[in-house]
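To keep things clear, I will list the structure first and then write my remarks on it.
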Amino acid sequence: MPQPSSARLHEFRVVSNDKIADDTYALVIEAPALAAAIKPGQFMNFEVPGNAMSLLRIPLSYARADADAGTVEIWYAVVGEGTERLSQMRPGDTSTVLGPGGHGWSVPEGCSRALLVGGGIGVPPLVPLAEQLHAQGIEFDVCLGAKTATAGVGSSELDALGAHVIEIATDDGTDGYHGFVTDPAAKLLDEKRYDYVATCGPSVMMSKVAESAAKAGAYCEASLERMMSCGFGACSTCNVETTEGMKGACMCGPVFDASKVVVW
Ligand SMILES: Cc1cc2nc3c(=O)[nH]c(=O)nc-3n(C[C@H](O)[C@H](O)[C@H](O)COP(=O)(O)OP(=O)(O)OC[C@H]3O[C@@H](n4cnc5c(N)ncnc54)[C@H](O)[C@@H]3O)c2cc1C
Ligand code: FES
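As structure tokens, then:
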């Protein structure tokens, strides 16, 4: 386990917090030291004011960081009490965030083409990865899955970052392919050669993407979601069973070599 954690406590101020899709918001915070330090695939742990009984922070990835402006942008889905409170934060509100946590994506040396596969609210950490690939001149394709057209996020941002191909899939067929995003991803992996596959989304989706990538001989990384109580290696609530034993997602992940994940 890498020690010590790179996470530090930062005060932040809300710049904006706007709805961008069904039950999904884009939160922009001002936190200059965090914006300068965070790397693609890392996460932050948010203290959300408004409930004295709630002791746990909320782990969230980031979609964009602007070191010059000192801002970090997070896309989050309202799924429970904590994210509901987060959606009520207004411009000017302040709190603290612990980050950057864990380690992010590791694009292999010599990679010339990558495939990014995101499902639901798993898309955000793929956006800074796409920005990195674009800056390195690495061609990349994207497959994005959502329940329905109005729930999807990220396609315009990934398009603007130079995605070569963007395949959309929706469970109800209201946009793109009617079905799971794992199908267009498997098709692309059959048709083209990729050196690297990065995936984030529901566990079952990631395990299928990992299977298709392994079949195609492409190195695959997955960003795993676990309950996280501390976010810096002290509590073991975030364990992931791997071929090398139990590893804490907050320190050894959240991004893992997919071929080593035993329990998704
Ligand atoms: C490294 C990491 C990065 C994440 N990035 C994002 C992101 O960018 N955007 C986003 O919308 N969500 C992200 N999540 C998930 C987010 O942390 C949970 O949705 C959030 O903690 C739910 O809090 P709540 O109080 O609203 O819900 P609760 O009332 O606590 O729970 C509602 C539901 O969410 C599940 N849940 C609660 N906490 C977590 C958790 N830590 N991980 C997975 N499921 C959880 C519960 O089991 C329950 O089903 C990330 C999680 C991790 C571990
Ligand atoms: S969240 Fe506490 S050890 Fe990972």
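According to the UniProt record's numbering, the stretch in the sequence shown is residues 1 to 264, in order.
Ideal placement from N, C-alpha and C gives every residue a C-beta, glycine not left out.
Own chain partners of residue i with C-beta closer than 8 Å, once the 5 adjacent residues on each side are dropped
i: methionine 1; result: Residue placement at methionine 1 cannot be trusted, given a pLDDT of 49 that sits under 50; what the coordinates show is reported in the next sentence. If we look at methionine 1 and ignore the five residues flanking it on each side, its Cβ neighbours are Gly233, Lys247, Gly248, Met251, Cys252.
i: asparagine 239; result: Arg226, Met246, Lys247, Gly248, Ala249
i: isoleucine 20; result: Ala26, Trp75, Val153
i: serine 112; result: Ile138, Glu139, Asp195
i: glycine 110; result: Asp195
Top-ranked residue by Cα proximity to residue i, from the options
i: aspartate 66; options: Lys39, Ala146, His164; result: Lys39
i: valine 204; options: Ala214, Leu189, Val181, Lys192; result: Val181
i: alanine 198; options: Glu157, Leu129, Thr242; result: Leu129
i: glutamine 42; options: Cys111, Asp22, Ser223, Lys215; result: Ser223
i: methionine 206; options: Trp264, Leu189, Gly154, Pro124; result: Trp264
i: arginine 85; options: Tyr177, Ser156, Asp23; result: Asp23
i: proline 125; options: Gly102, Lys147, Gln136; result: Gly102
i: alanine 69; options: Thr94, Thr243, Arg13, Ser155; result: Arg13
i: alanine 160; options: Val127, Asp171, Ala186; result: Val127
i: serine 5; options: Val165, Thr237, Cys230; result: Cys230
i: glycine 122; options: Ser155, Ser106, Leu133; result: Ser155
i: alanine 135; options: Gly119, Val117, Val107, Thr71; result: Val107
i: leucine 56; options: Ala149, Val262, Met228; result: Met228
i: leucine 189; options: Thr94, His164, Gly217, Ala77; result: Gly217
i: proline 32; options: Val48, Thr71, Gly176; result: Thr71
i: leucine 116; options: Asp172, His164, His178; result: His164
i: threonine 242; options: Ser236, Asp93, Val261; result: Val261
For residue i: DSSP bridge partner residues
i: glutamate 167; result: Cys143
i: residue 279; result: The requested residue 279 is not part of the displayed model; the chain covers only 1 to 264.
i: phenylalanine 256; result: Ala222
i: glutamate 241; result: Met246
i: valine 261; result: Thr242
Same chain, Cβ closer than 6 Å to residue i, five either side skipped, listed in chain order
i: glutamate 167; result: Cys143, Pro184
i: cysteine 220; result: Val197, Ala210, Ala213, Ala258
i: glycine 99; result: Ala7, Leu34, Met44
i: threonine 174; result: Thr148, Ala149
Neighbourhood of residue i by C-beta distance below 7 Å, restricted to the same chain and skipping five residues each side
i: residue 271; result: Limits of the chain in this structure are 1 at one end and 264 at the other, which puts residue 271 out of reach.
Interface flag, residue i vs chain D, CB-CB below 8 Å
i: proline 128; result: Any reference to chain D falls outside this structure, which holds one protein chain only.
Next on the checklist: Quick check for students: name the residue ranges of the alpha helix (DSSP H) that lie wholly in the segment 99 to 157, counting only runs of 4 or more.
Outcome noted: 126 to 135
Checklist entry - Which runs of the alpha helix (DSSP H) fall wholly inside the UniProt domain "FAD-binding FR-type" (7 to 107) and span at least 4 residues, in chain order? => result List check, alpha helix (DSSP H) in window: 32 to 37, 81 to 87.
Checklist entry - Pick out every residue whose C-beta is nearer than 7 Å to a heavy atom of ligand 2: which are they, in chain order? => result Here the residues come out as Met228, Ser229, Cys230, Gly231, Phe232, Gly233, Ala234, Cys235, Ser236, Thr237, Cys238, Gly248, Ala249, Cys250, Met251.
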